[in-house]
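Residue numbers (my numbering): 1040 to 1745.
Laid out in structure tokens, this is it:
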């Protein structure tokens, strides 16, 4: 029995869907097998041929509704699975023109217009993608008054696609406008969108280092809405609820609230256990989740527009949660409990198991993005593990064959050898300054100051506000698109990157580099070369270079805006670090005062070593007051060095240089003022010096006294 035209149309539509589904079943393995990729491409080509046959051969048999929907499917497939963006845009335009003839096709028209926007965004070569922005603004202006949810969604689209071109204040204003518009009537038709925008708003505040109180207040507004309306909260995808929990934990970590962070870890762990035991959650291996936005057509009939949101599989979320758990303990890694490394090791184990698991229906493009994101996360895990080991003093136990180090060494070799594809470079380029920074720290800690200096200078170049050969613009011809793609991979995006003294990494490298330069100057002055010596010219050149770099770095220190830090703790850490280096760079500075120490206790649990250095400087710069008895002056100075010693022993349970130097100063004071101290006190300090003395070092003062 022959098929009529309508039956053939139905068969071709079903065949196209079936071929596309079969293609995506190969998506996971296409990343590893060329033959599977070829099979995948054949399925996609066949699926496209079915649709093209429908809109060409059977065009006269199609009603306007079916034809417009086929144009959408065809454009979507061409855009997501091929590089034929021009052809995809043609079918979008054709579909929009068909829909324009009838108000009944408004639903399809909206989807076609949004898809057309996405395609134009990828193809637009105008500065700042002004042509595409103009198109989006036109769509916004055409939204009927009875469809406020669509207006809010288009505002959110504007933020996501063009936010990198706006100032920080403009981005915040855009999100606040979007939130306020939705908040006028929050219901089941827009609650998921409301939560997504609120989450993005809190992340924007975090990225801009706004005061932590403002960030907490913004998050609590979202939390209150979730807790006050159980009926709406139950409608949310589980992925949004997971995001809320994790963001709460991140804010607590920013507040350095370790006790509440521990409680939140327990809550998130319980949530993880619950979703892992609940297959009905609809999460599992899905890399996307769907939300619906309630809209009205031109006849004021309600309908729902589905939107897919790219995210993580449930196990990837578990890995991400453990990653943040580990990082939250990083400030306390000096205590020797190795909690950061244990949690990061668990995180790495989860990722390694995931590499062996098969993801269900997925395209090769999405699979590549997923693989790159996992590799990026693995690099971050290893980087933070190394940073933790450096803070706990265990780095010397790790040789280059250690798995943590091996991956990073290989990454640097591949990067230097230009072995990364353009897609890989988009994701990995952001890791380069972090790894250079780790290399610098490693060499500095192990006494190779020349190499450390080299890598610190490299990081400063990468984050310099002055354009240079290492600037992102030199690597990418389309910074705007690269930034958008990076945002889709969970990165901050190159165009959002802070430069110069606004970059935290730049500032930290400046601080560490200055400490090396000051040491270089000390060594050069200790080993001064006579003008008559053959090496005098080279010596003067090194001395001049070091002095010039010192002057540059100290000037930059004076311009650091400490007020931009989010939390009080961060402000104090930076303030005291800068203060210590200023004293090291300028011996003529006045002594520290009580005012300098008024907030010192707030960072003692985070960085006792820094507190120890502060007390050591206070002791060294202490001036005797003529208005006080000599013994009181002496005791005050001994007390400062004693505090320095006590704080140093908090951060490092084994002998350390700052504790040794503080004790040596106390010993020197006791020797100089023997009439105020007895033999027992002197012997106690001598014994302490023996226990603290670095390997192979014999103090000349102690030797002489003996």
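C-beta atoms are modelled at their ideal positions from N, C-alpha and C, and glycine is treated no differently. Computed from a predicted model, the values in this text were never measured in an experiment.
The beta carbons of residue 1090 and residue 1122 sit no closer together than 8 Å.
Boundaries for residue 1331: no alpha helix (DSSP H) harbours it, while the beta strand (DSSP E) harbouring it runs 1327-1335, taken from the DSSP string.
Look at residue 1341 here: in three-state DSSP terms it is strand. Boundaries of the alpha helix (DSSP H) around residue 1478: 1471-1484. For residue 1349, the secondary structure class from DSSP, reduced to helix, strand or coil, is strand. Judged by DSSP secondary structure, residue 1075 falls within the alpha helix (DSSP H) whose first and last residues are 1073-1095.
Here DSSP, grouped into helix, strand and coil, assigns residue 1638 to coil. Taking the Cα positions, residue 1453 is about 7 Å away from residue 1459. The Cβ-Cβ distance between residue 1563 and residue 1582 falls below 8 Å. The alpha-carbon separation between residue 1627 and residue 1687 amounts to approximately 25 Å. Residue 1220 is a Cβ neighbour of residue 1187, given a cutoff of 8 Å. Nearest to residue 1707 by C-alpha distance, out of 1683, 1677 and 1719, is 1677.
Excluding five sequence positions before and after residue 1639, the CB atoms of its chain that fall closer than 7 Å to its own CB belong to 1650 and 1653, given in chain order.
Short of 8 Å from the beta carbon of residue 1699, and not among the five residues preceding or following it, lie these beta carbons of its own chain, in chain order: 1728, 1731, 1732 and 1733. Every alpha helix (DSSP H) stretch that sits fully inside the segment 1612-1660 and reaches 4 residues is listed by chain position as 1647-1659.
Within the same chain, no Cβ atom closer than 6 Å to the Cβ of residue 1668 is found once the five residues on either side in sequence are excluded. Distance from residue 1279 to residue 1258 at the Cβ level is roughly 14 Å; contact not present, criterion being Cβ atoms closer than 8 Å.
Here the alpha carbons of residue 1202 and residue 1260 stand approximately 23 Å from one another. Using a C-beta cut-off of 8 Å, the segment 1167-1183 makes no contact with the segment 1313-1328, since fewer than three inter-stretch Cβ pairs fall below that distance. If you check the CB distance, residue 1527 and residue 1367 do not come in under 8 Å. Out of 1206, 1428, 1335 and 1333, the CA that lies nearest to the CA of residue 1371 is found in 1428. Nearest C-alpha to residue 1345 among 1134, 1611 and 1153: 1153. Burial is judged here by how many other beta carbons sit within 10 angstroms of a residue's own beta carbon; residue 1208 has fewer than 16 and is exposed. The Cβ atoms of residue 1307 and residue 1285 lie closer than 8 Å to each other.
Secondary structure of residue 1373 (DSSP, three-state): helix. Membership of residue 1150 in the alpha helix (DSSP H) is indicated by the continuous run 1145-1162. Here residue 1167 is not near residue 1151, since their CB atoms are 8 Å or more apart. Residue 1679 is positioned such that its CB atom lies no closer than 8 Å to that of residue 1663. Scanning its chain for C-beta atoms nearer than 7 Å, with the 5 sequence neighbours on each side dropped, one finds around residue 1303 the residues 1287, 1288 and 1291, in chain order. Rounded to whole angstroms, the Cβ separation of residue 1342 and residue 1146 is 6 Å, and the two are in contact under 8 Å.
Taking the Cα of residue 1588 as reference, the smallest distance to any Cα among 1539, 1610 and 1496 is reached at 1496.
Rounded to the nearest angstrom, the gap between the Cα atoms of residue 1387 and residue 1530 is 19 Å. Taking all protein chains shown into account, residue 1295 has 16 or more neighbouring C-beta atoms within 10 Å of its C-beta and is therefore buried.
By the criterion of at least three beta-carbon pairs nearer than 8 Å, the segment 1094-1108 is not in contact with the segment 1073-1085.
If you draw a straight line from the Cα of residue 1674 to the Cα of residue 1481, it comes to about 39 Å. Judged by their CB atoms, residue 1357 and residue 1063 are not nearer to each other than the 8 Å cut-off.
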